[in-house]
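Under the numbering used here, think of the first position of the sequence shown as 6, with each following residue one higher.
C-beta atoms are modelled at their ideal positions from N, C-alpha and C, and glycine is treated no differently.
The block underneath contains the structure these notes are about, expressed in structure tokens.
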Amino acid sequence: MIRKYEVKDVDGIIDTWYQASMLAHPFLDSRFIEQEKHNIRNVYLPNTDTWVFESDNEVVAFIAMIENEVGAIFAKPDFHGQGIGKQLMDFVAEKNETLEVEVFQNNSIGRAFYEKYGFSEIGNHIHEETGFKLLRLRYEKNK
Numbered sequence: 006m007i008r009k010y011e012v013k014d015v016d017g018i019i020d021t022w023y024q025a026s027m028l029a030h031p032f033l034d035s036r037f038i039e040q041e042k043h044n045i046r047n048v049y050l051p052n053t054d055t056w057v058f059e060s061d062n063e064v065v066a067f068i069a070m071i072e073n074e075v076g077a078i079f080a081k082p083d084f085h086g087q088g089i090g091k092q093l094m095d096f097v098a099e100k101n102e103t104l105e106v107e108v109f110q111n112n113s114i115g116r117a118f119y120e121k122y123g124f125s126e127i128g129n130h131i132h133e134e135t136g137f138k139l140l141r142l143r144y145e146k147n148k
């Protein structure tokens, strides 16, 4: 079930992000990962429109939006391949003609998901904090 994020979901969101990040981002430094945990709680969640996917009263996936930009979409690894990410993406695509996202070039899991959904690369740059390349992708609903 998709529902609006509530403050009680913070720990579940961070746990979901951490589990998925360990799988998708093994190239990231542990200090960066720890800083991101802090940022999710104190910077990102207060400034995004976030939706969670709940299964048996547990947050198992979430999507965080800043206008039409996907700031984050993550699912716990045990729930990968079940269509939950697609459901979350469909949910936000209903409200937006276009969607944009940045994904690390080294994140083959994320890149495959976005490509399957119909995103295409429109640019790239180096992520200052990590030195890794980020790809900027766009999805156009009526294309």
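- Residue environment: Asn-52 is assigned as exposed (fewer than 16 neighbouring CB atoms within 10 Å of its CB, all protein chains considered).
- Each residue's CA atom was taken as its position, placing His-132 and Lys-138 some 6 Å apart.
- Fully enclosed beta strand (DSSP E) runs of no fewer than 3 residues occupy 7–9 of the region 6–43, in order along the chain.
- If you look at Phe-118, you'll find it isn't in any beta strand (DSSP E); it sits in the alpha helix (DSSP H) that goes 113–122.
- The region 66–79 makes contact with the region 101–121; the number of CB pairs closer than 8 Å reaches 3 or more.
- If only complete runs of 4 or more residues are kept, the region 69–99 shows the alpha helix (DSSP H) at 89–98, in order along the chain.
- Annotated as proximal: Leu-28 and Ile-114, with beta-carbon spacing under 8 Å.
- In the DSSP annotation of this structure, the continuous segment of the beta strand (DSSP E) that includes Arg-141 starts and ends at 138–145.
- In the DSSP assignment, Thr-55 falls within the beta strand (DSSP E) that extends over 54–60.
- In the three-state reduction of the DSSP assignment, Asn-47 falls in the helix class.
- Spanning the alpha carbons of Tyr-10 and Ala-66 requires a straight line of approximately 11 Å.
- Within a 10 Å sphere around the beta-carbon of Glu-41 sit 16 or more other beta-carbons, which makes this residue buried.
- Cβ-Cβ distances below 7 Å link Pro-82 to Gln-24, Ala-25, Leu-28 in the same chain, with the five nearest sequence neighbours on each side left out; the list follows chain order.
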